[in-house]
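Trainee: Order-wise, the sequence lines are chains A and B.
Note that the first sequence covers residues 7 to 588 in this note's numbering.
Note that the second sequence covers residues 5 to 246 in this note's numbering.
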Amino acid sequence: MATASPIANPVFDITCFSMAEQAQWRVAMDSFEQARKHVGPHIVVFGEGSFGDVLQMSPLLHQLRRKFPSARLSFVHPAGLAQAILRGSADVDEVVILRGALHREARLRLITKGWADLVVQCSYVIRYTTPPIRLSRLTEAERSWVLHAQVEQRTWLPLVENFPFDNDKLWRAVTAEGLNLFSLMARTAGFANADFESFQMSLCEADYEKVRGLPSRYVTVSNAAEKLPVTEGLWTKTMPPNKIEQVVAGMRAAGLSVVVLGAKDDAPIRGADVDLRGQTSLGEAGAIINKALCHIGPEGGLANLARAVNTPAVIFFGATPAAFFGFRGNVNVLPRACGGCWWTTSYYLHQCPRLLLEPECTASLSEEAILGAARQFADGRIAQRRRLESAQSVALQSAENALAMVEHARREDFGSGLMSAVSQAACRIALVAVDAASLRLCLEALPGDVASGVDVTLFVCGLHLLSALHEPDAAAVDVCVCGPVHLPRRDGGYDAVLCPSVAVPQRSASLLVEECNRLLAEGGELVFYSLAETVGQNLRSAYAREGNEGPLDLLARSVSSHPAAEGLTLMRTRISGERAPV
Amino acid sequence: MSSSRTLITSTEELIRQGFNAQAHSRPAEAITLMEAAFWFARGAEADQIRDTLAALYIAENDTPRLARIFENHTGELSAELVKGALALLRNRALGTLETLPPQCERSAVLTRMRQCFDVGAYDVASALFILSMLLQIRETDLAVELAHSLFDASVRVDESVIAKVLAALVENGRFSEARDTLTKAVAASRMPSGVYVRLMSLIALAEEGTPANLVPGLQDRAGDDKVVQFLSWRFTDSLPQE
Numbered sequence: 007m008a009t010a011s012p013i014a015n016p017v018f019d020i021t022c023f024s025m026a027e028q029a030q031w032r033v034a035m036d037s038f039e040q041a042r043k044h045v046g047p048h049i050v051v052f053g054e055g056s057f058g059d060v061l062q063m064s065p066l067l068h069q070l071r072r073k074f075p076s077a078r079l080s081f082v083h084p085a086g087l088a089q090a091i092l093r094g095s096a097d098v099d100e101v102v103i104l105r106g107a108l109h110r111e112a113r114l115r116l117i118t119k120g121w122a123d124l125v126v127q128c129s130y131v132i133r134y135t136t137p138p139i140r141l142s143r144l145t146e147a148e149r150s151w152v153l154h155a156q157v158e159q160r161t162w163l164p165l166v167e168n169f170p171f172d173n174d175k176l177w178r179a180v181t182a183e184g185l186n187l188f189s190l191m192a193r194t195a196g197f198a199n200a201d202f203e204s205f206q207m208s209l210c211e212a213d214y215e216k217v218r219g220l221p222s223r224y225v226t227v228s229n230a231a232e233k234l235p236v237t238e239g240l241w242t243k244t245m246p247p248n249k250i251e252q253v254v255a256g257m258r259a260a261g262l263s264v265v266v267l268g269a270k271d272d273a274p275i276r277g278a279d280v281d282l283r284g285q286t287s288l289g290e291a292g293a294i295i296n297k298a299l300c301h302i303g304p305e306g307g308l309a310n311l312a313r314a315v316n317t318p319a320v321i322f323f324g325a326t327p328a329a330f331f332g333f334r335g336n337v338n339v340l341p342r343a344c345g346g347c348w349w350t351t352s353y354y355l356h357q358c359p360r361l362l363l364e365p366e367c368t369a370s371l372s373e374e375a376i377l378g379a380a381r382q383f384a385d386g387r388i389a390q391r392r393r394l395e396s397a398q399s400v401a402l403q404s405a406e407n408a409l410a411m412v413e414h415a416r417r418e419d420f421g422s423g424l425m426s427a428v429s430q431a432a433c434r435i436a437l438v439a440v441d442a443a444s445l446r447l448c449l450e451a452l453p454g455d456v457a458s459g460v461d462v463t464l465f466v467c468g469l470h471l472l473s474a475l476h477e478p479d480a481a482a483v484d485v486c487v488c489g490p491v492h493l494p495r496r497d498g499g500y501d502a503v504l505c506p507s508v509a510v511p512q513r514s515a516s517l518l519v520e521e522c523n524r525l526l527a528e529g530g531e532l533v534f535y536s537l538a539e540t541v542g543q544n545l546r547s548a549y550a551r552e553g554n555e556g557p558l559d560l561l562a563r564s565v566s567s568h569p570a571a572e573g574l575t576l577m578r579t580r581i582s583g584e585r586a587p588v
Numbered sequence: 005m006s007s008s009r010t011l012i013t014s015t016e017e018l019i020r021q022g023f024n025a026q027a028h029s030r031p032a033e034a035i036t037l038m039e040a041a042f043w044f045a046r047g048a049e050a051d052q053i054r055d056t057l058a059a060l061y062i063a064e065n066d067t068p069r070l071a072r073i074f075e076n077h078t079g080e081l082s083a084e085l086v087k088g089a090l091a092l093l094r095n096r097a098l099g100t101l102e103t104l105p106p107q108c109e110r111s112a113v114l115t116r117m118r119q120c121f122d123v124g125a126y127d128v129a130s131a132l133f134i135l136s137m138l139l140q141i142r143e144t145d146l147a148v149e150l151a152h153s154l155f156d157a158s159v160r161v162d163e164s165v166i167a168k169v170l171a172a173l174v175e176n177g178r179f180s181e182a183r184d185t186l187t188k189a190v191a192a193s194r195m196p197s198g199v200y201v202r203l204m205s206l207i208a209l210a211e212e213g214t215p216a217n218l219v220p221g222l223q224d225r226a227g228d229d230k231v232v233q234f235l236s237w238r239f240t241d242s243l244p245q246e
């Protein structure tokens with residue numbers, strides 16, 4: 007048995023750990039040993055922390071999957087929440103739950119026994135470790151790439167040798183170089199140009215169940231972060247109760263409902279409309295934040311979750327540095343006094359290192375600044391939703407016979423034709439496949455060789471569609487497997503979005519249109535295919551009602567040449583006007 | 005198909021399995037078994053189970069169940085129930101509990117806590133838990149007294165706990181006591197000299213009412229203390245902009 011003969015570290019004795027940990031160890035070792043039978047290389051990524059840290063690592067997992075498409079990718083994490091976050095992710099083949107104290111020994115086993123071809127460790131700085139060449143199944147080019155990344159890693163690794171106790175030195179050194187956490191991770195992972203602020207998390211329709219009972223226009227508020235129950239005392243990340251209650255009152259005065267999220271042990275926030283502390287799963291919390299006009303809360307887990315579901319957020323900071331953790335597109339509210347004592351002591355989170363009972367940093371946060379930013383986000387999102395309400399009528403008229411459309415599309419070759427036309431003006435194109443028929447259309451629309459400078463992302467909405475996706479089909483594009491109602495990319499990241507939304511259920515269709523629009527950059531082009539004849543008229547009149555005729559570029563073609571495709575309409579519309587602030 | 009489950013036929017077996025689940029870090033299962041056992045138990049056995057349940061509820065911060073345990077309880081609170089009552093007082097202060105059970109009246113609980121403490125009913129872990137609760141419900145006098153008892157007994161207390169006690173004293177303007185407490189803590193806690201110098205200087209800063217300036221020469225005396233480096237950076241550079 008794997009645990010009986012520890013060769014890596016003779017002092018290690020698994021029987022010193024609890025029964026539960028011993029069971030975790032056995033499962034992990036069996037899994038790693040089995041992975042050796044996989045034809046391709048085996049990559050094992052070790053993560054720590056809570057769910058926010060897992061989300062921060064999701065872009066790394068995505069990039070590794072793209073870099074090593076034939077590899078088996080295992081993710082090892084101490085928290086079961088990792089499984090909830092990576093549920094349905096195509097970037098990871100398995101999630102192994104293993105207590106942090108056992109990670110070091112597991113890494114040693116993986117390397118010395120040759121069970122992994124690349125071990126990845128993340129303590130803000132990414133660290134790659136490889137076994138001896140004789141045991142490695144990486145190609146020479148892949149090994150060379152790893153070596154190149156390790157050069158950059160060596161610059162930063164001394165600052166995490168004592169992780170996390172030297173994090174204060176780390177963040178100051180990082181920001182002095184003009185970097186932040188995400189660019190540091192991207193750079194040390196060897197993907198310097200990748201966007202490590204685009205977190206990956208799939209939401210399913212069941213996650214949206216709790217949204218149905220909520221008011222139509224709401225903001226989410228939290229005043230806790232990750233595993234920080236207030237039962238330990240006042241935290242240097244959270245606002246004093248009276249201040250957060252003023253924020254809640256201000257949002258309500260602006261006519262918006264307030265939904266409180268958090269863990270069961272978090273302190274209540276008086277004045278909120280709905281209190282869901284301790285009542286949501288991670289997916290449900292994600293869905294609720296996804297449908298919120300904006301999120302307000304401290305730096306931490308839910309701020310990362312808001313990022314993952316692409317909801318703009320007003321994030322307030324205390325002990326942790328905004329220059330290191332702040333996301334672009336959010337409004338980061340900094341303390342007006344003190345702040346930034348992150349890891350100057352091991353207890354900085356629950357006792358101000360300056361011996362203040364109420365930390366000066368969070369006490370100095372401006373409620374007005376938070377309220378002003380939140381209202382601006384909310385107004386922008388409301389305006390965006392109004393525009394979408396008209397566009398949604400397009401997708402709500404779903405087709406009855408998707409195959410007819412595919413047949414017609416193939417004969418007319420409008421998929422590739424359209425793609426060519428779009429790609430002349432767009433360098434970032436998203437193709438959204440929501441069912442087998444639309445995946446076929448998307449694949450046919452893909453040009454054989456994507457022009458240089460054109461960045462194509464194929465969103466495959468559902469794991470079940472993967473069987474229809476063959477490697478050569480999508481070799482030149484970024485394939486992102488996700489849920490149908492959440493496309494895990496940042497706002498305004500694409501010049502064109504093509505979505506053959508022929509047979510989507512009515513509820514998903516409205517969410518899908520909203521998601522597609524969110525991805526569009528200002529002036530971007532949104533293309534839908536639909537079988538409904540009246541769609542063009544509906545959209546035209548809806549836009550005309552809003553006095554929006556000018557910028558609307560609408561193309562509607564009725565087709566009657568094929569009996570099965572009678573009533574087919576190709577929709578093409580340019581979403582214009584002012585976008586919500588991002 | 006054979007089942008691996010066995011029929012539990014006695015209260016003793018329920019208790020045994022409950023303790024087994026607790027020992028193997030399965031609190032939910034332990035609570036279920038212990039609650040079932042409590043239903044049948046009488047006398048001293050019931051008291052023992054009640055104490056175990058209280059410990060489990062405290063660990064899980066299960067406020068409703070913890071409050072319910074006091075409902076049918078008459079007579080003196082046991083040492084474990086005192087800890088439970090303190091946890092409820094803390095949750096009341098945080099706002100996560102609306103109404104306290106009548107048996108958790110503040111002064112009565114604190115008196116009983118002192119009695120239990122005097123007869124040696126608490127181990128070090130319990131004492132540190134109680135200290136944390138006292139600080140959170142702003143019972144500074146009792147907290148300082150308890151901290152001093154720990155220092156006198158040469159119990160090694162974490163720097164974070166010492167900092168919390170000092171912060172409570174500083175908040176109340178009891179600077180001289182804060183200095184005495186820190187001096188006592190140093191011997192018991194093997195505190196690095198840099199940390200001692202820094203904490204002593206922070207007490208002096210608070211006394212002088214000049215929180216944004218460092219005591220002259222602190223940096224030289226505190227060596228490479230990270231808090232001092234931070235304060236130097238924070239209060240000599242420009243403050244962050246929103």
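Note that CB positions come from ideal geometry on N, CA and C, so glycine has one too.
Just so it is clear, the structure is predicted and the values come from calculations on it, not from any experiment.
Alpha helix (DSSP H) containing V128 of chain B: first to last residue?
Mentor: V128 of chain B -> alpha helix (DSSP H) spans V128 to Q140.
Trainee: Do L146 of chain B and L138 of chain B have their C-beta atoms closer together than 8 angstroms?
Mentor: Contact flag set, yes.
Trainee: Using only the alpha-carbon positions, how far apart do T194 of chain A and K175 of chain A sit?
Mentor: Cα-Cα distance, rounded: 17 angstroms.
Trainee: Pull up the distance between the alpha-carbon of V131 of chain A and that of W162 of chain A, whole angstroms please.
Mentor: Cα to Cα, V131 of chain A sits roughly 7 angstroms from W162 of chain A.
Trainee: Pick helix, strand or coil for T56 of chain B, following the three-state DSSP scheme.
Mentor: It is helical.
Trainee: Quick check: the Cα distance between C300 of chain A and C347 of chain A, rounded to an integer number of angstroms?
Mentor: Roughly 28 angstroms between the two C-alpha positions.
Trainee: For A436 of chain A, report the span of its beta strand (DSSP E) as first-last.
Mentor: Run containing A436 of chain A: R434 to A439, per the beta strand (DSSP E) assignment.
Trainee: Nearest CA to the CA of A167 of chain B: which residue from B:L186, B:V159, B:G99 and B:T36?
Mentor: When each option's Cα is compared against that of A167 of chain B, the closest is B:L186.
Trainee: Hey, could you find the ends of the alpha helix (DSSP H) Y200 of chain B is sitting in?
Mentor: Note, Y200 of chain B: alpha helix (DSSP H), S197 to E212.
Trainee: Identify, in the order they occur along the chain, each residue of the same chain with its Cβ nearer than 7 angstroms to the Cβ of S372 of chain A, setting aside the five sequence neighbours on each side.
Mentor: Hits under 7 angstroms: V339 and R342.
Trainee: How about E20 of chain B: is its C-beta nearer than 8 angstroms to some C-beta of chain A?
Mentor: Note that residue 20 of chain B corresponds to Arg in the displayed sequence, not to Glu. Chain A, which has no Cβ nearer than 8 angstroms to the Cβ of R20 of chain B, makes this no.
Trainee: Once DSSP output is grouped into helix, strand and coil, what is the label at A548 of chain A?
Mentor: With a pLDDT of 38 at A548 of chain A, under the threshold of 50, the modelled position of that residue is not reliable, and no figure is offered here.
Trainee: So, at 7 angstroms on beta carbons, what are the nonlocal neighbours of C120 of chain B in its own chain, with the 5 sequence-adjacent residues on each side left out?
Mentor: Answer for C120 of chain B: A83, V86 and Y126, listed in chain order.
Trainee: How big is the Cα-Cα spacing for T242 of chain A and L18 of chain B?
Mentor: Distance between the alpha carbons of T242 of chain A and L18 of chain B is about 43 angstroms.
Trainee: Can you give me the Cβ contacts of A3 of chain A inside the same chain, cut-off strictly under 7 angstroms, excluding the 5 residues immediately before and after it?
Mentor: What is shown of chain A runs 7 to 588, which leaves residue 3 of chain A out entirely.
Trainee: Since T226 of chain A is in the alpha helix (DSSP H), which residue starts that stretch and which ends it?
Mentor: Where T226 of chain A is concerned, there is no enclosing alpha helix (DSSP H), although the beta strand (DSSP E) it sits in stretches over Y224 to V227.
Trainee: Quick check: is the beta carbon of G346 of chain A nearer than 8 angstroms to any beta carbon in chain B?
Mentor: With 8 angstroms as the cut-off, G346 of chain A counts as an interface residue toward chain B.
Trainee: Is it a yes or a no for the segment 79-91 of chain A touching the segment 50-60 of chain A, going by three-plus beta-carbon pairs under 8 angstroms?
Mentor: These segments touch.
Trainee: With DSSP collapsed to three states, give me the class of C108 of chain B.
Mentor: Correct three-state label for C108 of chain B: helix.
Trainee: Mind checking whether A94 of chain B and I141 of chain B have CB atoms under 8 angstroms apart?
Mentor: Before going further, note that residue 94 of chain B is Arg rather than Ala in the sequence given. The answer is yes: Cβ separation under 8 angstroms.
Trainee: Taking DSSP's pairing of strands, which residues face L79 of chain A in a bridge?
Mentor: In the DSSP output, where bridge partners are listed per residue, L79 of chain A has A:I49.
Trainee: Considering only the alpha carbon of each residue, which of A:V315, A:L153, A:V125 and A:V157 lies closest to L114 of chain A?
Mentor: Looking at the Cα atoms, A:V125 is the closest of the given residues.
Trainee: Have a look at A:L190, A:A182 and A:S287 and flag the residue whose alpha-carbon is nearest the alpha-carbon of E158 of chain A.
Mentor: The shortest Cα separation from E158 of chain A among A:L190, A:A182 and A:S287 belongs to A:L190.
Trainee: Does DSSP put V565 of chain A in a helix, in a strand, or in coil?
Mentor: Below a pLDDT of 50, predicted positions are generally treated as unreliable, and V565 of chain A, at 30, falls in that range; no measurement from the model is reported.
Trainee: Report the neighbours of T351 of chain A on chain B: residues whose CB is nearer than 8 angstroms to its CB, in chain order.
Mentor: Those within 8 angstroms of T351 of chain A in chain B are E163, S164, A167, K230 and V231.
Trainee: How would you call T579 of chain A, buried or exposed, if buried means at least 16 neighbouring beta carbons within 10 angstroms?
Mentor: Reliability of the predicted coordinates at T579 of chain A is poor, the pLDDT of 39 falling under 50, and no value is obtained from them.
Trainee: If E203 of chain A and R334 of chain A are in contact, beta carbons under 8 angstroms, what's the gap, nearest whole angstrom?
Mentor: Yes, E203 of chain A and R334 of chain A are in contact; Cβ-Cβ is about 7 angstroms, under 8 angstroms.
Trainee: Quickly, what does DSSP pair C488 of chain A with across the bridge? List them, please.
Mentor: Bridge partners of C488 of chain A: A:C467.
Trainee: Have a look at N65 of chain B and V253 of chain A and give me their C-alpha separation to the nearest angstrom.
Mentor: When rounded, the distance between both Cα atoms is 28 angstroms.
Trainee: Compile a chain-ordered list of the residues in the segment 352-379 of chain A whose CB is closer than 8 angstroms to at least one CB of chain B.
Mentor: If the cut-off is 8 angstroms between Cβ atoms, the segment 352-379 of chain A has S352, Y353, H356, Q357, C358, P359, R360, L361, L362, L363, E366, S372 and A375 near chain B.
Trainee: Below 8 angstroms on the Cβ atoms is my contact criterion, and I expect A88 of chain A with V60 of chain A to pass it. Report the Cβ-Cβ distance as a whole number of Å.
Mentor: Indeed, because the Cβ distance is near 5 angstroms, the residues count as touching under 8 angstroms.
Trainee: Does the count of Cβ pairs from the segment 179-190 of chain A and the segment 140-149 of chain A closer than 8 angstroms reach three?
Mentor: Because the criterion of three Cβ pairs below 8 angstroms is not met, the segment 179-190 of chain A and the segment 140-149 of chain A do not touch.
Trainee: Just to make sure I have the definition right: I need the residues of chain B whose C-beta is within less than 7 angstroms of the C-beta of P47 of chain A. Which are they?
Mentor: Those do not exist, as P47 of chain A stays about 36 angstroms from chain B at its closest Cβ, beyond 7 angstroms.
Trainee: Helix, strand or coil, according to DSSP, for A343 of chain A in the structure here?
Mentor: In this structure, A343 of chain A counts as coil in the three-state DSSP scheme.
Trainee: Quick check on L235 of chain B: buried or exposed, where buried means 16 or more other Cβ atoms within 10 Å of its Cβ?
Mentor: It is buried - the Cβ of L235 of chain B has at least 16 other Cβ atoms within 10 Å.
Trainee: Between the C-alpha atoms of A325 of chain A and P246 of chain A, what's the straight-line distance to the nearest angstrom?
Mentor: Cα to Cα, the separation comes out at about 14 angstroms.
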